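So the number in the working numbering is just where the residue sits in the sequence shown, counting from 1, plus 988. Beta carbons are placed, not taken as given, at the ideal position from N, Cα and C, and that holds for glycine. A quick note: this is a predicted structure, and the numbers were derived from the prediction, not measured.
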Amino acid sequence: MASFEYLAMASFDLPSKSGFDMTKFVAIMSYFTVIGWCIAILLHSYNRSSFSTFHLKQSLGLILTFTLLSFIPLIGWAIGIVVFLFWLVAIYYAAVGKAYLVPFLGQYFQTHLDFIQ
């Protein structure tokens, strides 16, 4: 997989603009709660691509980060807002077909969530 730097963005070769794009759908679906992520990983198993793998890792990392921070009373809530903003930006970049590395933790997600192939 390509090496990404902080706030790095890369374009992937996606199908043409017309018609349904399963790769992009899987990438977007992965950001919608744990249920959306589970559906996306199932769809990904039938239609593998580096683009959807990238977004599956980023979204799982954001879900885990948000869940862990929710247990910290005041600070976790404040940082959770920042994680939510990263989540919105990541959904946007999934929709436009670009890879968006989440600031501070994105590279960590890509290297340590390597069970997602």
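Under a Cβ-count criterion, where at least 16 other Cβ atoms within 10 Å of its own Cβ denotes burial, should residue i be classed as buried or exposed?
i	result
W1075	buried
H1100	exposed
I1016	buried
S1058	exposed
L1073	exposed
Just the Cα atoms here: how many angstroms apart are residue i and residue j?
i	j	result
I1107	F1097	The first residue shown for the chain is 989 and the last is 1105, placing residue 1107 beyond what the model contains.
L1030	W1065	31 Å
H1187	V1014	With the chain covering 989 to 1105 only, the question about residue 1187 has no answer from this structure.
L1093	I1023	22 Å
L1062	Y1080	28 Å
S1040	I1060	31 Å
F1008	N1035	13 Å
Does the Cβ-Cβ distance between residue i and residue j come in under 7 Å?
i	j	result
T1011	S1038	no
F1054	V1077	no
L1056	I1104	no
V1084	Q1046	no
F1020	A1087	no
When every heavy atom of the ligand HEM is checked, does at least one fall within less than 6 Å of the C-beta of residue i?
i	result
K1045	Among the components modelled here there is no ligand, and therefore nothing to report on the ligand HEM.
_alpha helix (DSSP H) segments (min. 4 residues) lying fully within the region 1021 to 1094_ = List check, alpha helix (DSSP H) in window: 1021 to 1034, 1038 to 1057 and 1062 to 1084.
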